[in-house]
Amino acid sequence: MSLPSLATVFARQLRSLAAASKMVHHRSSSSSNSGKFTDRFQKDLKTSFSLTDREGLDERNRPPHETDVLIIGGGVVGSSIAYHLKRDAEAGLNVTVVERDCMYTRASTTLSVGGIRQQFSIPANVEMSMYSVEFIKTIKEHLCVDDADPPDVQFNQGGYLILATEKGVDQMRENHKIQKECGAMVNLMTAKQLKSKFPWINTEGIALASYGYDNEGWFDPWSLLKAFKEKALSLGAQYIHGEVTGFDISKVPRAGAEMAYYTGSGRRVKTVKVRLPNSPETIPIKCSMVVIAAGPWSGEVAELLDIGKGSEEDLLHRCLPVCPRKRYVYMFHAPDGPGLDCPLFVDPVGFYCRREGFGGNYLCGRGPEGEEDEPNTDNLQVDYDFFETNIWPHLAHRVPAFENLKIKSAWAGFYDYNTLDQNAIIGNHPAYPNLYMATGFSGHGIQQSPAVGLAISDLILQGKFCTLDLSDFSFDRVMQNEPFKEKCIY
Ligand SMILES: Cc1cc2nc3c(=O)[nH]c(=O)nc-3n(C[C@H](O)[C@H](O)[C@H](O)COP(=O)(O)OP(=O)(O)OC[C@H]3O[C@@H](n4cnc5c(N)ncnc54)[C@H](O)[C@@H]3O)c2cc1C
Numbered sequence: 014m015s016l017p018s019l020a021t022v023f024a025r026q027l028r029s030l031a032a033a034s035k036m037v038h039h040r041s042s043s044s045s046n047s048g049k050f051t052d053r054f055q056k057d058l059k060t061s062f063s064l065t066d067r068e069g070l071d072e073r074n075r076p077p078h079e080t081d082v083l084i085i086g087g088g089v090v091g092s093s094i095a096y097h098l099k100r101d102a103e104a105g106l107n108v109t110v111v112e113r114d115c116m117y118t119r120a121s122t123t124l125s126v127g128g129i130r131q132q133f134s135i136p137a138n139v140e141m142s143m144y145s146v147e148f149i150k151t152i153k154e155h156l157c158v159d160d161a162d163p164p165d166v167q168f169n170q171g172g173y174l175i176l177a178t179e180k181g182v183d184q185m186r187e188n189h190k191i192q193k194e195c196g197a198m199v200n201l202m203t204a205k206q207l208k209s210k211f212p213w214i215n216t217e218g219i220a221l222a223s224y225g226y227d228n229e230g231w232f233d234p235w236s237l238l239k240a241f242k243e244k245a246l247s248l249g250a251q252y253i254h255g256e257v258t259g260f261d262i263s264k265v266p267r268a269g270a271e272m273a274y275y276t277g278s279g280r281r282v283k284t285v286k287v288r289l290p291n292s293p294e295t296i297p298i299k300c301s302m303v304v305i306a307a308g309p310w311s312g313e314v315a316e317l318l319d320i321g322k323g324s325e326e327d328l329l330h331r332c333l334p335v336c337p338r339k340r341y342v343y344m345f346h347a348p349d350g351p352g353l354d355c356p357l358f359v360d361p362v363g364f365y366c367r368r369e370g371f372g373g374n375y376l377c378g379r380g381p382e383g384e385e386d387e388p389n390t391d392n393l394q395v396d397y398d399f400f401e402t403n404i405w406p407h408l409a410h411r412v413p414a415f416e417n418l419k420i421k422s423a424w425a426g427f428y429d430y431n432t433l434d435q436n437a438i439i440g441n442h443p444a445y446p447n448l449y450m451a452t453g454f455s456g457h458g459i460q461q462s463p464a465v466g467l468a469i470s471d472l473i474l475q476g477k478f479c480t481l482d483l484s485d486f487s488f489d490r491v492m493q494n495e496p497f498k499e500k501c502i503y
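Structure below.
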């Protein structure tokens, strides 16, 4: 993609650093989560992280003195941004990703369920998922790396089925209209139609159902992260194993001709301080632009920039309202459960369930409510009572074949939870013209990651949203304390 002249001029102004496509890959099998993730990673570690055997660790993890764009967080969002930037920028744009947990033991991405749907109420959310699904379906055209096996995210178009009681009917119809206008493949079904299509569902209390029959389902989140990361590396992005612990900032003058990218006055991030593993040392990395893609910990990172610490008139007054919220995922076996026709279904009570493979295994989960949903980053321990009390009775009611299920394993992960409105925050920070945020996805960040990577890349390289207009997700609503609510959120 060629850049407009402004971006070209700007790109030329950026200092060119020595080409670097080096990274540190560390993995170990330790994880406090049980079950599929530990197993799943073992196979990939050998391939995705085999660079460790070929190159010197110290050399690969040596941070640059300066970089053009520094991305904090190498999860699926940070890695998608790194890939899109390297794909779309002119040669010479240095992209550095700093990731403190290169085993991704706590990252939201690797503990996700990997669902993708177009069933949202906000058109931009529908459009993001539509973009992402196309990307995922054609992933081999985008993320193949020479000599390596083509990426396979195991996209299963099993569909999404959302069930509503009488109370939810009007909202479901409203959402449906928006989704259809955006071009989503969704059908509404009465209880009778539902029973005829999915005879294993108990339709008691169900007044209407919305079924995404195409372009919806689930895929393997780890494989998507791995594919983005390996492609970004192959294009010259550098991944650094380290933790961002602070920043140096400077005051920016008002925009002048030579600083056309920086509109308005404010602060500017000058350097990012990175603490390397097993070292008390903190390395400063000079950078032109910084992206916060730190998932559940984005609010913490923003605090290091005094975001949320200013007086009422100050642009730093509002915090970045993103924090970790624990969610459990349970895997169970039910020999008589529904087969291939089982979509990911969401009950009006609030739990979801989907098939996992073909052997009578299923995944399910449910968000805690009210005071139970407190920030908690202490541990990733699973609460099995939560399943017994809050999920199982409803699950067995909805699908009688699940009455004799057996829990096989479970894990916990952190949502990157936006406490204001559970929607993404995408774009610049008003006080820091060279600071971008891509966070707060609150349970739909995997499916939005391809779209968000493209949008942030456009914003950085072109100075505006081009392909997808995500301006509704800007920090402005946080500044004004005006939630932008998604009405179809699970
Ligand atoms: C149980 C569960 C189920 C989910 N199900 C779905 C689903 O079905 N569909 C869907 O679309 N989404 C789902 N999600 C949400 C989705 O996983 C997230 O929105 C998405 O992974 C966010 O990606 P990320 O890259 O922003 O965050 P992460 O994957 O958390 O990556 C952020 C990275 O930043 C690093 N980091 C943080 N602070 C620093 C620092 N100071 N210095 C350096 N590095 C730092 C972290 O180590 C982390 O690896 C689910 C999440 C969970 C927990």
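So in our numbering, the last spot in the sequence shown is 503, and the numbers never skip.
Yeah, the Cβ is synthetic: ideal placement off N, Cα and C, and Gly gets one too.
Nearest-angstrom Cα separation, counted from residue j out to residue i
{"i": "Phe415", "j": "Gly350", "result": "6 Å"}
{"i": "Thr295", "j": "Glu256", "result": "9 Å"}
{"i": "Lys477", "j": "Thr402", "result": "48 Å"}
{"i": "Leu483", "j": "Phe427", "result": "24 Å"}
{"i": "Arg186", "j": "Ser121", "result": "32 Å"}
{"i": "Lys5", "j": "Trp310", "result": "No information on residue 5 is available, as it lies outside the stretch 14 to 503 that the chain covers here."}
{"i": "Val90", "j": "Tyr96", "result": "10 Å"}
{"i": "Val491", "j": "Asp434", "result": "9 Å"}
{"i": "Pro413", "j": "Pro212", "result": "11 Å"}
{"i": "Pro293", "j": "Val287", "result": "10 Å"}
{"i": "Lys210", "j": "Val362", "result": "21 Å"}
{"i": "Leu376", "j": "Leu176", "result": "18 Å"}
{"i": "Met507", "j": "Pro76", "result": "The question about residue 507 has no answer here: the residues shown for the chain are numbered 14 through 503."}
{"i": "Gln251", "j": "Leu237", "result": "18 Å"}
{"i": "Arg280", "j": "Leu289", "result": "26 Å"}
{"i": "Ile253", "j": "Asp489", "result": "31 Å"}
{"i": "Asn340", "j": "Ala425", "result": "The residue you asked about is not Asn; residue 340 is Arg in the sequence shown. Their Cα atoms are separated by approximately 6 Å."}
{"i": "Asp386", "j": "Pro337", "result": "10 Å"}
{"i": "Val342", "j": "Ala197", "result": "28 Å"}
{"i": "Leu156", "j": "Gly127", "result": "18 Å"}
{"i": "Leu357", "j": "Tyr365", "result": "7 Å"}
For residue i, the nearest candidate out of the options (CA to CA)
{"i": "Asp429", "options": "Val491, Ala307, Lys283 and Ile85", "result": "Ala307"}
{"i": "Phe232", "options": "Ser263, Glu103, Thr284 and Pro164", "result": "Pro164"}
{"i": "Glu217", "options": "Ile191, Thr178, Ile253 and Tyr252", "result": "Thr178"}
{"i": "Val111", "options": "Ile298, Ala104 and Thr151", "result": "Ile298"}
{"i": "Val335", "options": "Gly453, Arg379, Asn374 and Asn447", "result": "Gly453"}
{"i": "Cys195", "options": "Val139, Leu328 and Gly440", "result": "Val139"}
{"i": "Gly370", "options": "Ile262, Pro446 and Gly230", "result": "Gly230"}
{"i": "Gly172", "options": "Lys419, Val199, Val285 and Lys193", "result": "Val199"}
First and last residue of the uninterrupted beta strand (DSSP E) at residue i
{"i": "Pro381", "result": "Segment: none, Pro381 is in no beta strand (DSSP E) and carries neither H nor E."}
{"i": "Ser223", "result": "Leu221 to Gly225"}
{"i": "Asp81", "result": "Glu79 to Ile85"}
{"i": "Pro337", "result": "Val335 to His346"}
Exposure of residue i, with buried meaning 16 or more beta-carbon neighbours within 10 Å
{"i": "Lys244", "result": "buried"}
{"i": "Val395", "result": "buried"}
{"i": "Ala423", "result": "buried"}
{"i": "Ser61", "result": "At Ser61, the pLDDT of 37 sits below 50, so the modelled position is not reliable and the matter cannot be decided from this model."}
{"i": "Phe345", "result": "buried"}
{"i": "Met36", "result": "With a pLDDT of 24 at Met36, under the threshold of 50, the predicted position of this residue should be treated as unreliable, though the coordinate-derived value follows. With 16 or more other Cβ atoms within 10 Å, it is buried."}
{"i": "Asn494", "result": "exposed"}
{"i": "Val182", "result": "exposed"}
{"i": "His78", "result": "exposed"}
{"i": "Ser125", "result": "buried"}
{"i": "Lys180", "result": "exposed"}
Residue span of the alpha helix (DSSP H) that contains residue i, given as start and end
{"i": "Lys299", "result": "Segment Thr295 to Ile305 is the beta strand (DSSP E) holding Lys299; no alpha helix (DSSP H) there."}
{"i": "Gln192", "result": "Val182 to Cys195"}
{"i": "Glu103", "result": "No alpha helix (DSSP H) contains Glu103, which DSSP labels as neither H nor E."}
{"i": "Glu140", "result": "Pro136 to Lys150"}
{"i": "Gly312", "result": "Ser311 to Glu316"}
{"i": "Arg490", "result": "Asp489 to Met492"}
{"i": "Trp405", "result": "Trp405 to Arg411"}
{"i": "Ala425", "result": "Note, Ala425: premise wrong, no alpha helix (DSSP H); beta strand (DSSP E) at Lys419 to Asn431."}
{"i": "Ile320", "result": "That residue, Ile320, is in no alpha helix (DSSP H); it is neither H nor E in DSSP."}
Same chain, Cβ closer than 7 Å to residue i, five either side skipped, listed in chain order
{"i": "Ala204", "result": "Thr216, Ile219 and Ala220"}
{"i": "Val146", "result": "Ile129 and Asn228"}
{"i": "Glu499", "result": "Phe133, Ser134, Ile135, Asn138, Gln435 and Asn436"}
Close beta carbons around residue i, own chain, < 6 Å, minus the five adjacent residues each side
{"i": "Arg331", "result": "Val491 and Met492"}
{"i": "Ser455", "result": "Tyr428, Tyr430, Asn431 and Gln435"}
{"i": "Lys242", "result": "Ser92"}
{"i": "Phe168", "result": "Ile149 and Phe232"}
{"i": "Tyr397", "result": "none"}
{"i": "Leu448", "result": "Val282, Val303 and His442"}
{"i": "Asp319", "result": "Leu329"}
{"i": "Val108", "result": "Val82, Ala95, Leu98, Lys99 and Ala250"}
Within-8 Å CB hit, residue i to chain D
{"i": "Ile305", "result": "Given the protein chain composition of this structure (a single chain), no chain D is represented."}
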